[in-house]
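Q: The structure under discussion is supplied below as structure tokens; questions concerning it will follow.
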Amino acid sequence: MYIMSVALFLSLLIPIMVYMLSCMLYYRANIDRDKMSAFECGFEADGKARIPFSTRFFLLAIVFIVFDIEVVLIMPFPIMIMLNQSLPIMYMFMAFMIILMVGLFHEWNEGSLSWLN
Numbered sequence: 026m027y028i029m030s031v032a033l034f035l036s037l038l039i040p041i042m043v044y045m046l047s048c049m050l051y052y053r054a055n056i057d058r059d060k061m062s063a064f065e066c067g068f069e070a071d072g073k074a075r076i077p078f079s080t081r082f083f084l085l086a087i088v089f090i091v092f093d094i095e096v097v098l099i100m101p102f103p104i105m106i107m108l109n110q111s112l113p114i115m116y117m118f119m120a121f122m123i124i125l126m127v128g129l130f131h132e133w134n135e136g137s138l139s140w141l142n
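Each residue of the sequence shown is one higher than the one before, starting from 26 at the first, in my numbering.
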């Protein structure tokens with residue numbers, strides 16, 4: 026019971042101390058127009074601060090992340106097949122690869138992987 030009460034006390038005390046420290050450090054900073062403005066290689070920024078973002082690039086990045094996660098999921102399959110040498114694991118691996126290939130061909134036919142268009 027003693028250990029739980031100490032753990033509860035510390036779990037409440039430490040976040041409160043961190044919060045109070047951050048408040049003290051924040052309010053010491055002198056908020057100034059020059060400090061809050063954008064600094065771009067020593068001169069004032071010209072033009073707009075917000076430029077339009079390419080949605081094609083965003084979609085390509087999402088496709089890359091999805092396929093990268095799928096590659097990470099593929100990594101243990103060869104070891105599992107080597108150790109178990111069972112047919113259900115091989116079927117699961119083949120089904121996973123077919124789903125991956127169908128997704129890749131769909132993205133390719135849709136034109137999501139093309140930079141030039």
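Note that beta-carbon positions come from the ideal geometry of N, C-alpha and C, so glycine has one too.
1. Between the C-alpha atoms of D145 and I76, what's the straight-line distance to the nearest angstrom?
2. Quick check on M26: does DSSP put it in helix, strand or coil?
3. Taking DSSP as the reference, what is the three-state secondary structure of I76?
4. Can you tell which of I39, V88, M122, L35 has its C-alpha closest to the C-alpha of W133?
5. Compute the beta-carbon to beta-carbon distance between L85 and L138, rounded to the nearest angstrom, for a pair I have assumed lies under 8 Å.
6. With DSSP as the reference, label G128 as helix, strand or coil.
7. Rank F34, L125, L50 by C-alpha distance to the C-alpha of V91 and give the top, closest one.
A: Well, looking at it:
1. Nothing in the structure corresponds to residue 145, since the chain is present only between 26 and 142.
2. coil
3. coil
4. V88
5. 7 Å
6. helix
7. L125
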